[in-house]
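Its first residue numbered 10, the sequence shown is counted upward by one per residue in this note's numbering. No residue lacks a Cβ here, since even glycine has one placed at the ideal position from N, Cα and C. Structure, as C-alpha cells:
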Amino acid sequence: MSDARKSYDELKERMAEVAELETIRWILDWDEQTELQPAGAEWRARQAARIDGLTHQRATDGKIGELLDTLEDKLDAFGGEESDEAANVREWRRDYDRKVKIPQRLVEEITTTGVQARTAWIEARKEKNFSLFAPWLEKQFELAIETADHLGYKEDPYDALIDLYEPGMTRAEASRVLSGLRTDIVPLIEAVAGADRHPNPNILHGSFSPAAQQEITIGAITRIGYDLNRGGIGETAHPFCITLGPHDVRFGTRYRETHATDALLSSLHEAGHGIYEQGLSVEHFGTPLGTAVSLGVHESQSRMWENRVGRSRAFWESFLPEFTNRFPSLKGTSLDDFLFAVNEMKPSLIRTEADELTYNLHILIRFEMETALINRKLKIADVPAAWNEKMKQYLGVDVPDDSQGCMQDIHWSVGLIGYFATYALGNIYSAQFVEAFEREIAPFEKLIRAGEYLTIRDWFRDKIHRHGRRYSPTELVERVTGSAPSSDSLIRYLTGKVETFYGVSS
C-alpha cells in the first residue's frame, strides 16, 4: 500500500469518527424535537454541548491538518483532481480550515443556547409573548456575529454565515436574486388579485381525521420513492428531516385536523429531503461525497415533490378519490374546484403555508431582517414592529400577534442564521432542474399520471444525489441544466400557473 493511500485511509477513519459523533448528536436532536419535554431542556443542552464539543475536538485535531497537507501533494496517486479521493480531500480541507477558526467554547455555547432558546421559543409562541423569547434571540444573533468574526469575510459579516449553508453565496448575490424575484413576482400577485375568478379555500377546511391523514400520507411518500425500510416518520411542531445514519433518514411532520392537505404537502416536502439523503452514496457516508452539496439544492428537491408533483392535476386525479372516500365533507367536490383550492395564490401570514407565488416574498422579509440584525442596523426589541411593517409592505397582510409573525419559524431559535435565502434558491434550482428533466425525459404530468414516480426520483438521484459535494452548487446546476443559476425558469413556471388557474398574466 502506498504512503498516499495509508494517509488517505487514516484521514478517512478519523473523519468517520467525526461523522459518528455528529449522528449521535442528531439522535439527540431528533428526540428533542419529537419527544423532549420542556423540563428536560437544561440537561439536554448539556448533553448536546458535550457531544458537539467532542466532535469539534476531533474535527480540528492537528493531525487532520497534517494529513491534508500530505495528501494535497499526492493526489496524482489517486488519479488526479477528478478522483473521489481528491474531491473528498478538497472538501475536507474547506471544512477543516473553517472549523479551526471557531473556538470550542463558542461551539458549545451555540449548542447550549440553541436547545434552551428553542424551549423558550415554544413557550413564547404559546403565550404570544415576544418578550419571553427576545433575550434568547439577542443571544443567538450575538453568537452569529461572533461566529462571522472568527470565520472572516471580505465585505459583509453575513457572507460568512450564508456560506455555511450555500457554499460560495454572498449577501450581495442573495440580495440580487431575491430583489429580482420580487420585481417579477409582484406584478403577478397584482394580476391574481384583479382576476375575475378565485378558488373556494373553504373546501380544504373542516374536520379531517389525523389517523386517516397519516395513512394517506404514508401511501403518498412511499409511492414517490421514500424508503420506509431506511427511514421513519415522527410528529413535531415544525416539520423537518434529519439523517441519523446511512440507512436511517427520518422526518417529522404534523397532522392538523382542521386542514385537508397541510400534512400531505408538508410530508411530500420533507420526504423530498429524505429521498435526497437516501440517494446519497452509502459507500461514501460520512465523507463529502456522501453529503448533500448545499441547502439550496436540498430545498430544490423538497419543493419539487411538494409543488411540481403534489399540487399537479395528474397527482390529484389519483389522490382525490382517496380523500373523498376518507373525508365525507369532500364528497361531491370536483377535481377542478379542489385543485384550484390547493393552488390558491393569495398573500398569507405563515411561510410554510404560503403558495408558490408569494413564498419568496416571505423569504425576502426574513433575509432583510437577518442582514439588518447581523449588521446591527436593527435592534432585537424592534423586531416585531419591523416584521409587521414588512409583511404589510410586501404582502399586504396585517399580523395579529407575534406567534403568527416574527416567532413563526424555528430557525432563529436554534441558531440557523444565514439559512433563509436557501429556500428561494431552492425554488430557482428546482424550476431549472424540472425544465432539464422534461427536455431529456418527458413532461412531469405525463409521468405522474402514469404513476411513474420512480422515473422522476431516479433521474434526480443520478443527476444530483449521487454526486454529494463533488461539485459546488453552481457547478452542479450548470452540469444538470446547461446554464448558470437563473430565476428565468421559475418565473416562466409561475407565470404559466397564474395563467392556467386565474386566466391572467402580468
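Please state if the CB of residue j and the CB of residue i are separated by a distance shorter than 8 Å.
{"i": "L329", "j": "F347", "result": "yes"}
{"i": "E315", "j": "H278", "result": "yes"}
{"i": "L197", "j": "L503", "result": "yes"}
{"i": "A57", "j": "R34", "result": "yes"}
{"i": "Q113", "j": "H65", "result": "yes"}
{"i": "L30", "j": "I60", "result": "yes"}
{"i": "E175", "j": "P494", "result": "no"}
{"i": "G254", "j": "T32", "result": "yes"}
{"i": "T431", "j": "G305", "result": "yes"}
{"i": "Q149", "j": "W421", "result": "yes"}
{"i": "V302", "j": "L45", "result": "no"}
{"i": "G261", "j": "P248", "result": "yes"}
{"i": "G161", "j": "V116", "result": "no"}
{"i": "L387", "j": "M378", "result": "yes"}
{"i": "E147", "j": "I374", "result": "no"}
{"i": "A13", "j": "F87", "result": "yes"}
{"i": "G288", "j": "R470", "result": "yes"}
{"i": "H268", "j": "L344", "result": "no"}
{"i": "S321", "j": "I457", "result": "yes"}
{"i": "T43", "j": "T245", "result": "yes"}
What residue range is occupied by the uninterrupted beta strand (DSSP E) comprising residue i?
{"i": "V195", "result": "Unbroken run through V195 is the alpha helix (DSSP H), R180 to A202; no beta strand (DSSP E)."}
{"i": "E244", "result": "G240 to E244"}
Our contact map puts residue i next to residue j with C-beta atoms below 8 Å; I'd like the distance itself, whole angstroms only.
{"i": "W145", "j": "M416", "result": "So it is not a contact: roughly 11 Å between Cβ atoms."}
{"i": "L76", "j": "L20", "result": "4 Å"}
{"i": "K399", "j": "D407", "result": "The Cβ separation is near 12 Å, so there is no contact."}
{"i": "S290", "j": "G215", "result": "Contact doesn't hold; Cβ gap of about 44 Å is too wide."}
{"i": "N418", "j": "K137", "result": "Checking the displayed sequence, the identity of residue 418 turns out to be Asp instead of Asn. Actually they do not touch by this definition, with Cβ atoms about 15 Å apart."}
{"i": "V513", "j": "V201", "result": "7 Å"}
{"i": "S496", "j": "G189", "result": "6 Å"}
{"i": "Y428", "j": "R206", "result": "The Cβ separation is near 37 Å, so there is no contact."}
{"i": "Y264", "j": "P219", "result": "4 Å"}
{"i": "G240", "j": "R259", "result": "6 Å"}
Taking the continuous alpha helix (DSSP H) assigned at residue i, which residues delimit it?
{"i": "T122", "result": "Q113 to E136"}
{"i": "G261", "result": "Where G261 is concerned, there is no enclosing alpha helix (DSSP H), although the beta strand (DSSP E) it sits in stretches over D257 to T262."}
{"i": "F150", "result": "F139 to L160"}
{"i": "F332", "result": "R322 to R335"}
{"i": "L572", "result": "The displayed coordinates of the chain run from 10 to 515. Any statement about residue 572 would go beyond what the structure contains."}
{"i": "T490", "result": "P482 to T490"}
{"i": "F249", "result": "Looking at the DSSP string, F249 is not in any alpha helix (DSSP H); the run it does join, the beta strand (DSSP E), is F249 to G254."}
{"i": "E26", "result": "D12 to T43"}
{"i": "D471", "result": "Y462 to K472"}
{"i": "I212", "result": "Element bounds for I212: n/a, residue is neither H nor E."}
{"i": "L358", "result": "Segment: none, L358 is in no alpha helix (DSSP H) and carries neither H nor E."}
{"i": "A445", "result": "A430 to E449"}
{"i": "V98", "result": "D93 to K108"}
{"i": "K506", "result": "D497 to Y511"}
{"i": "K399", "result": "V392 to K399"}
{"i": "T226", "result": "P219 to R232"}
{"i": "E377", "result": "Y368 to I383"}
{"i": "R458", "result": "F453 to R458"}
{"i": "D168", "result": "P166 to I171"}
{"i": "R265", "result": "Unbroken run through R265: none, as it is neither H nor E."}
Sort the options by Cα distance to residue i and report the nearest one.
{"i": "T490", "options": "I450, P452, T509 and V443", "result": "V443"}
{"i": "T296", "options": "L370, Q46, A68 and A323", "result": "A68"}
{"i": "I543", "options": "E447, L187, E117 and S498", "result": "Coverage of the chain is limited to positions 10 through 515, which leaves residue 543 absent and any answer about it impossible."}
{"i": "Y285", "options": "T32, I251 and S327", "result": "I251"}
{"i": "F139", "options": "V392, P166, F332 and L456", "result": "V392"}
{"i": "S184", "options": "G405, T380 and P409", "result": "T380"}
{"i": "D158", "options": "L425, G512, L45 and N384", "result": "N384"}
{"i": "W52", "options": "G281, T121 and V27", "result": "T121"}
{"i": "L425", "options": "R102, D172 and A28", "result": "D172"}
{"i": "L187", "options": "F376, L456 and G177", "result": "F376"}
{"i": "E266", "options": "N211, N209, M313 and F217", "result": "F217"}
{"i": "E100", "options": "K110, A86, G88 and E81", "result": "E81"}
{"i": "G74", "options": "G414, T43, P208 and K108", "result": "K108"}
{"i": "Q413", "options": "F453, L463, T361 and A445", "result": "T361"}
{"i": "Y17", "options": "R55, T79 and Q42", "result": "T79"}
{"i": "M313", "options": "E454, E155, G49 and A48", "result": "E454"}
{"i": "V106", "options": "L141, G89 and A169", "result": "Note that residue 106 is Asp in the sequence shown, not Val. Closest option to D106, Cα to Cα, is A169."}
{"i": "S309", "options": "E155, A433, A451 and T156", "result": "A433"}
Would you be able to state if there are at least three C-beta pairs under 8 Å between the segment 474-481 and the segment 432-441? At 8 Å Cβ cutoff, the stretches do not touch.
Contact the segment 224-238 vs the segment 256-274: 3+ CB pairs below 8 Å: Taking a cut-off of 8 Å for Cβ pairs, the segment 224-238 and the segment 256-274 touch, as three or more such pairs fall below it.
Would the segment 349-366 count as touching the segment 497-511 if we require 3 or more Cβ pairs under 8 Å? They touch, by the three-pair rule.
Across the segment 90-103 and the segment 294-309, are there enough close Cβ pairs to call them in contact, namely three or more that are closer than 8 Å? Cβ pair count under 8 Å is three or more, so yes.
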